[in-house]
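In my numbering, the protein residues as written are 2 to 142. Idealized CB from N, CA, C, for every residue including glycine.
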């Protein structure tokens, strides 16, 4: 094999290796986003199941979450930039709705109901903070 043939062969190996590494990186990125998305979805479903009071804000939150799910799936198929921007916009909307829900006044103030209610409120606050962090991670990835 000539010198030129060896260089071409080496260049092909490097390019194929780089393409495989890039594919693995993108696959890992999408897998991470999907796992994070499933965690958020599970938390929202748990919040929905535990809540007997259904409001327009919760309906809006869940419908927006479903739309974001559909846009994410569409983006993973065609990698269209406008689809990604719509997906990112839906995640921003979800974050805004969650922030607005956290600012609502509580009808039955747990501080007036004893220490058990305070512990429950702390657990809910931790879950809310975790949910908000997951949404932020999805937005900034």
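- Cβ neighbours of residue 73 within its own chain (closer than 6 Å, five residues either side excluded): 88.
- Contact annotation: residue 99 and residue 65 have beta-carbon atoms that are not nearer than 7 Å.
- For the options 68, 77 and 46, the alpha carbon positioned closest to that of residue 32 is the one of 77.
- Excluding five sequence positions before and after residue 37, the CB atoms of its chain that fall closer than 7 Å to its own CB belong to 135, 138 and 139, given in chain order.
- Between the C-alpha atoms of residue 35 and residue 11 there is a straight-line separation of about 36 Å.
- At the C-beta level, residue 42 and residue 68 stay beyond 7 Å of one another.
- Inside the stretch 16-72, DSSP marks no whole alpha helix (DSSP H) run of 4 or more residues.
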